[in-house]
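In the UniProt record's numbering, the protein residues as written are 1 to 244.
All C-beta atoms in this analysis are idealised placements derived from N, C-alpha and C, irrespective of residue type, glycine included.
Quick caveat, the model's predicted, so the values are computed rather than measured.
Just below is one structure, and these are the notes that go with it.
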């Protein structure tokens, strides 16, 4: 029930949130929220959000444009995306004769830290011969503690898989749908081979999402920690694969 709560009164049922009628809702954009409320909720909220950045170097394109483009690099001014930010001739906020201007700072200069290269804490070798990278899938955020409770999202992506380049799979006698053991120096996980999915890693690298509590991919990863940010390097390590 969307009506009669604080979110509805404070955010949805406002002149901006309810601005666009259902007649602007295309067939492939139908959704329960807009039908229940009687107006195109998502478009109203997006346009209100975008309004704050327009004219201030944070311009977003109109809502409908994003249904017709595979991403647009912002700022998007007069329907044109910005290929190179802060560069004269590319960024509309950099005036003629300014060359490069980092207008996010009062002095127009960028803040750049020149730091020495730091190699990965662990790299593939003869035994653990593949990179593992971890991340998300569209349907599930972080651990899936909320998204996996949504039936539609769970059906769309019910369990984690390991995305593998077809040539890497072939070299290990693995086929799509096979059970595979992914091992590192710290632990192992049983997963399912995916060679034709949406994520197509380069040869030499496998990719696993971390939303699935039945496949604790962080059992494979490192505890190496950045001394400045205190961020742990869960994104990459060396692994090997074995058919189960």
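- Counting only the Cα atoms, residue 174 lies some 10 Å from residue 167.
- Apart from the 5 residues on each side of it in sequence, residue 244 sits with its Cβ closer than 7 Å to the Cβ of 179, 180, 181 and 190 in its chain, given in chain order.
- Scanning its chain for C-beta atoms nearer than 7 Å, with the 5 sequence neighbours on each side dropped, one finds around residue 98 the residues 88, in chain order.
- Within the UniProt domain "Molybdopterin dinucleotide-binding" (130–238), complete alpha helix (DSSP H) segments of at least 4 residues are found at 151–156 and 166–171, given in chain order.
- Nearest in C-alpha terms to residue 24, of all of 15, 64 and 51, is 64.
- Rounded to the nearest angstrom, the gap between the Cα atoms of residue 53 and residue 22 is 26 Å.
- Judged by pairs of C-beta atoms under 8 Å, the region 209–216 touches the region 153–169, as three or more such pairs exist.
- In this structure, the beta-carbon distance from residue 82 to residue 70 does not fall below 8 Å.
- For residue 39, the beta-bridge partners assigned by DSSP are 21.
- Nearest neighbour of residue 135 by Cα position, chosen from 204, 210, 91 and 123, turns out to be 210.
- Residue 184 sits buried, since 16 or more C-beta atoms from the chains shown fall within 10 Å of its C-beta.
- Secondary structure at residue 45: helix, using DSSP grouped into helix, strand and coil.
- The C-beta of residue 67 has fewer than 16 other C-beta atoms within 10 Å across all chains shown, which makes the residue exposed.
- In the three-state reduction of the DSSP assignment, residue 123 falls in the coil class.
- Contact between residue 16 and residue 48 holds: their C-beta atoms lie close to 4 Å from each other, under 8 Å.
- Within the same chain, and ignoring the five residues on either side of residue 102 in sequence, the residues whose Cβ sits closer than 7 Å to its Cβ are 86, 108, 109 and 110.
- The three-state reading of DSSP puts residue 96 in coil, since its state is none of H, G, I, E or B.
- An exposed status is given to residue 56, since fewer than 16 other beta-carbon atoms sit within 10 Å of its beta-carbon.
- In this structure residue 43 is buried. Its beta-carbon is surrounded by 16 or more other beta-carbon atoms within 10 angstroms.
- For the pair residue 187 and residue 30, the Cα-to-Cα distance works out to about 45 Å.
- Taken atom to atom, the span from the alpha-carbon of residue 150 to that of residue 144 is near 10 Å.
- Looking at the DSSP output, residue 242 shares a beta bridge with 181.
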